[in-house]
Amino acid sequence: MRPQDTDTIASLFYEGVLQPQAWHAGMDAMRVRLQAGVFHSFTLDTSGAPVPESVGNLESFGLHAGHMVEYETQHAGNDLRLTATLGLGPGGVMLDHEHFSQREALRNAVYADWLIPLGLRHTAGIVLRQEGSALDLISFMRPRDARPYSAHDKRFIERLVPGIARAARLRARMLTLSRSAHLGMAALDGLRQGVAVVDAQCRIHHANAAMERLLAVPGTLCVLQGRLGCTGGAAHLQLRQLAAAACARPGQAGALVLPGEGQRLAVTVLPLQAHHAWAALREAPMALVVAVVPGIPVGLAPGLVGEMLGLSPAEARLALLLAAGKTVKDFAAVQGCTVNTARAHLAHLLHKTGCRRQVELVGVLQALHG
Amino acid sequence: MQRRTKTIAGLLYDGVLSPSDWYSAMDAFNRAVGGFKFHQLAVDHQLGTITDSVASGGADDAEAVATYERHYAMTDERLPVVMGLRQGEFMLDHEHFSARDMSRSAIYAEWLASLGMKHTMVLMQRVDGPLQQYVGFMRHVDQRPFGEADRRLAQQLMPDLLRAARLRAQARPLARQAALGVAALDTLPQGVAVVDAQGRIHHANAAAGRLLAQFGSMSVRHGRLQCRDGASQARWQALVAAACGGGVETVAAAGAMQPAGGLQRLVVTVLPLKAHHVVALRQEPMALVVLADPDAPCGLTPGLLADMLGLSPTEARLALLLTSGKTVKDFAAIQGCTVNTARAHLAHLLHKTGCRRQVELVRLLQSLRMV
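Those sequence lines, one after another, are chains A and B. Counting with the working numbering, you get residues -12 to 357 for the letters of the first sequence. Counting with the working numbering, you get residues 662 to 1032 for the letters of the second sequence.
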C-alpha cells in the first residue's frame, strides 16, 4: 500500500465531516483493503446528547434491524471485542485474535450466537474519539471463514487513524455547531418580540421571524439598504443614536417608544452580550433591538388564556378586559351580570393567578409568551 | 518532508473551526516555503469587499495590511495574475515579472521593499462564484525567488489546503449563526430554553439560569427542567408533552402555567418549536420554554424614562411608582404633595404618553422593562 492510497482514504473521511455518504465511502474503502465483510462507524454517548448518525453496510451483508436489536439487547453489554477496544483507548487498533484466544471467542455469546451465525467473525475495532461522555468507534468484521487480521493490516489502520480521528473530532464539533445554530435561531423565531441584531450603523445582521413580520408591514420600523430605521425623522435619529450607544464600549442600553397607527411600538436597544466561544469571528460590538407592541400578546384568545392559566371562560374574559384597561363594571355590563357577580369573578381570578392587584394581573398576561 | 506536510495538513484541518490553528497552519506553511510574511485574503469581486483577512505578525503588520488594502491593492500588478488563477493553481512571481519589472513597480520598489519583502508566491485556495480566497507568501527582500522545492511542497499540500478551505468556508456561516443566536438569546431579559418531550434542556439562555436560581419553583436535575411542586410538575409535563406534539394524533399546542412553591411568581409559557428548524434537528420535536417574571421591576430609571417619553422628572417617578403597583395616593405621600397635585401630575403623564387609563400606562412601561 502506497502512502497516496491512505491519503485518498483519509480525504474521504475529511469529506465525510459534512457528508455522511463520503464517510461511508471512506469506511467502505477501508473494508475493501482489509478484506472485511461488514463495517460499522458509530457513537456511544450515555449523556443523551445528539450523536452523528452511525454509518455501516450492515444491510448489504444481510443484517437487519432485528439483528441489531438482538445485539443491543443481548450482546452489547457482554461484548469481548468492545471491552478490548475500549481498553486500548483512543487511537489503539484492536485486533480480536491479539486479545482473546479462539476458544475464548467461541465461548463468548457474541461470537457463538450472533457473529458466526451471521457469517462473520474476526473483528478490528478502534476508538476514534473520546470527548466527554462521547465515544466514536469504527469496526470491521471479516467473513466467518477468513483469517485473522495481519500485522500488515494493523499498520495500514495505524497509518490512517490520526487523519480519521481528526476528521471525527471535526465532524462532532460541526454537529454541535450546527445544532447550536439551529436551536438558537428556532428559539428566537419562537419569541413574540421582534428581535434584531444590528451593528453600530444599524445594519441588520439577523432578524427573527417576529421582527421580519414587523418590518414586512409598513409601519413604524423599516429597512433601508439593509439598515434598520424608523419612518419618523426624529425617531429615526434616536434609534441610530441608541444603536451607536449600545455598540460603544461599555455599551449602554436605551429605549424609545414609536407612535404608530393604532398601536405603539416599544423598542429597546441593548448591548449584545458577546459570546466568547466563537470570539474569533472578530465581530465588532453589536446591539440587540427588541421591539414589542405594548400590552398583552396579540391574538391571545380568552380560551387560550383560560387554558394557560387554568381559568373559567368568564374569568379569562374578565382578565383580558382588565388587561385592556376596562373596569369590573364594564365587564358586568358586557357580561350582563351584576357588579357583585363580576367582583366575585375578580376575586377568583386574582386568587387563581396569585395576583393581589389588577396591575399584577397585567404583568402575568404580558409575561405569557415572554 | 513527508512529516512536515502531514503536520501542516493536520493544522489546516484543525483550523477549520479554530482560527488560531488556521493561523498556525498558514504560519507553518509560510515557514516551510521559506517565506517571511504571509497574508490570506478572501475577496468578493461582485461586492468589492474583503470578507476575510488573516496576516502574519502583530499590530504593526495589521496596520500595514490595512494600508495595503486601502492604497496599494488597486495598483498591485500581482493581483491580475492572481485573479486569473483557478482554484488549486498557484503563481511564483519571478515567472511573471522580470527583475526589471519589479524594480519599476510601485508595489515591489516602494511598498514591499519598505516592509523588507520581495518575492511572492500565491496559492488560490478557493473560487466560489465572485468569491476568491488566496494566500500569499512573501520572502525577505534579500532572498532568492521561490523555487522547485517550494513548488513541490505547494503541490503536495494543495488538496488538503483546498479541502480545509472549503470546510472552513462552510463552517463559518454556521459558527456565525450560532454565535449570533446565542448572543441574542443571552441578551434577552426573559428566560428562554429549548427542551425535548422529556423536559431535557437542549439550550438555555443566561436569563433562564438566573431566573431558575432566583425563583426556586423550578430547577434542573440530571439535565431536565422540572417543578419542585408535585401538582405543578404534572402540569409542566403535560404542557411539554403537548408542545412536543404529544402523540401522533394530537397537534402541538401552547400553554402556560405558574409553578407553585417558589420564592417569587414565575410565568412559564411552553410553545412548540417551529417545524422547519426541527427538520435540521433530526425531526425530534422540541418545545420552546419562556420564563418571565411578572413582577419584574422596570429597571428603568426616572431619568431614562423621562428622556424616552418626554416626561418631567416628577411624572417619570409617578409612572414608575404606578407600574410597581402603588397608587396616586401613595405617590402624594412619598412626594409630600396633595392628592390633587398628584392627580394633576397623573393627568399630564397620561396626556403626554397618549394613554387614557392608568392600566394602559402600566402596560406601556412593562413592555419597556427589558432595559
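All C-beta atoms in this analysis are idealised placements derived from N, C-alpha and C, irrespective of residue type, glycine included.
{"Query": "Quick check on the DSSP output: what are the complete beta strand (DSSP E) runs of length 3 or more inside the stretch 809 to 873 of chain B, in order along the chain?", "Result": "852 to 857, 862 to 865"}
{"Query": "Hey, out of A:H86, A:Q212, A:T207, whose CA is closest to A:H223's CA?", "Result": "A:T207"}
{"Query": "Suppose you measure from the CA of A:F48 to the CA of A:F127; what does that come to, to the nearest Å?", "Result": "12 Å"}
{"Query": "Please confirm if B:H1012 has its CB atom under 8 Å from at least one CB of chain A.", "Result": "no"}
{"Query": "Count the C-beta pairs between the stretch 161 to 177 of chain A and the stretch 855 to 868 of chain B that are closer than 8 Å, then say yes if the count reaches three, no if not.", "Result": "yes"}
{"Query": "How would you list, in chain order, the residues of chain B whose beta-carbon sits under 9 Å from the beta-carbon of A:L208?", "Result": "Residues of chain B passing the Cβ test: none, with the nearest at roughly 15 Å."}
{"Query": "Between A:C209 and B:D722, what straight-line distance do the alpha-carbon atoms span, to the nearest angstrom?", "Result": "40 Å"}
{"Query": "Can you tell me whether A:E302 is buried or exposed? The criterion is at least 16 other CB atoms within 10 Å of its CB, across all chains shown.", "Result": "buried"}
{"Query": "Between A:Y1 and chain B, is there a C-beta pair that is closer than 8 Å?", "Result": "yes"}
{"Query": "When the Cα of A:V346 is compared with those of B:R739, B:H1012, B:L982, B:L1029, which residue comes out closest?", "Result": "B:L982"}
{"Query": "Quick one: is A:R214 near chain B, going by C-beta distance under 8 Å?", "Result": "no"}
{"Query": "Candidates A:D186, A:A221, A:S(-2), A:R304: which alpha carbon is nearest A:A261's?", "Result": "A:D186"}
{"Query": "Using a Cβ-Cβ cutoff of 7 Å, what residues of the stretch 705 to 720 of chain B are near chain A? List them in chain order.", "Result": "none"}
{"Query": "Compare the C-alpha of A:V349 against each of A:Q239, A:A329, A:A310 and name the closest.", "Result": "A:A310"}
{"Query": "Step through the CB atoms of chain A and report whether any lies within less than 8 Å of the CB of B:K990.", "Result": "no"}
{"Query": "Along chain B, in chain order, which residues have C-beta atoms closer than 8 Å to that of A:M295?", "Result": "A915, G916, A917, M918, T930"}
{"Query": "Could you have a look at A:Y136 and say whether DSSP puts it in helix, strand or coil?", "Result": "coil"}
{"Query": "Is the separation between the beta-carbon of B:A854 and that of B:V950 shorter than 8 Å?", "Result": "yes"}
{"Query": "Helix, strand or coil, according to DSSP, for A:R108 in the structure here?", "Result": "strand"}
{"Query": "Counting only beta-carbon atoms, is B:Q996 nearer than 8 Å to chain A?", "Result": "no"}
{"Query": "Return the residues of the stretch 144 to 158 of chain A that lie within a Cβ-Cβ distance of less than 9 Å from chain B, sorted by chain order.", "Result": "P149, G150, R153, A154, R156, L157"}
{"Query": "In the stretch 724 to 762 of chain B, which residue ranges form an unbroken beta strand (DSSP E) of at least 3 residues, counting only runs that do not cross its ends?", "Result": "751 to 753"}
{"Query": "Could you tell me if B:S775 is buried or exposed, where buried requires 16 or more neighbouring beta carbons within 10 angstroms of its beta carbon?", "Result": "exposed"}
{"Query": "Quick one: what's got a C-beta closer than 6 Å to B:R885's C-beta in the same chain, skipping five residues either side?", "Result": "G860, R861"}
{"Query": "Assuming A:C209 is part of the beta strand (DSSP E), what are its boundary residues?", "Result": "208 to 211"}
{"Query": "B:T848 touches chain A at which residues, Cβ-Cβ below 8 Å?", "Result": "L257, P258, L259, Q260, L275"}
{"Query": "Can you round the beta-carbon distance between A:V292 and A:L307 to whole angstroms, since I take them to be within the 8 Å contact cut?", "Result": "6 Å"}
{"Query": "Alpha carbon to alpha carbon, how far is B:M687 from A:Q22?", "Result": "39 Å"}
{"Query": "Identify which residue in B:A1005, B:G916, B:L979, B:T975 has its Cα closest to the Cα of A:A354.", "Result": "B:G916"}
{"Query": "Is there a Cβ of chain B sitting closer than 8 Å to that of A:A174, yes or no?", "Result": "yes"}
{"Query": "I'd like the ranges of any alpha helix (DSSP H) spanning at least 4 consecutive residues and lying wholly in the stretch 110 to 183 of chain A.", "Result": "138 to 176"}
{"Query": "Please report whether the beta-carbon of B:H1006 lies at a distance below 8 Å from any beta-carbon of chain A.", "Result": "no"}
{"Query": "Relative to the alpha-carbon of A:S28, which residue among A:A36, A:P37, A:N44, A:L337 has its alpha-carbon at the smallest distance?", "Result": "A:N44"}
{"Query": "Using a threshold of 7 Å, is the CB atom of B:A858 nearer than that to any non-hydrogen atom of the ligand SAH?", "Result": "What this structure holds is no ligand at all, so the ligand SAH is not there to describe."}
{"Query": "By the three-class DSSP mapping on this structure, what secondary structure does B:I711 have?", "Result": "strand"}
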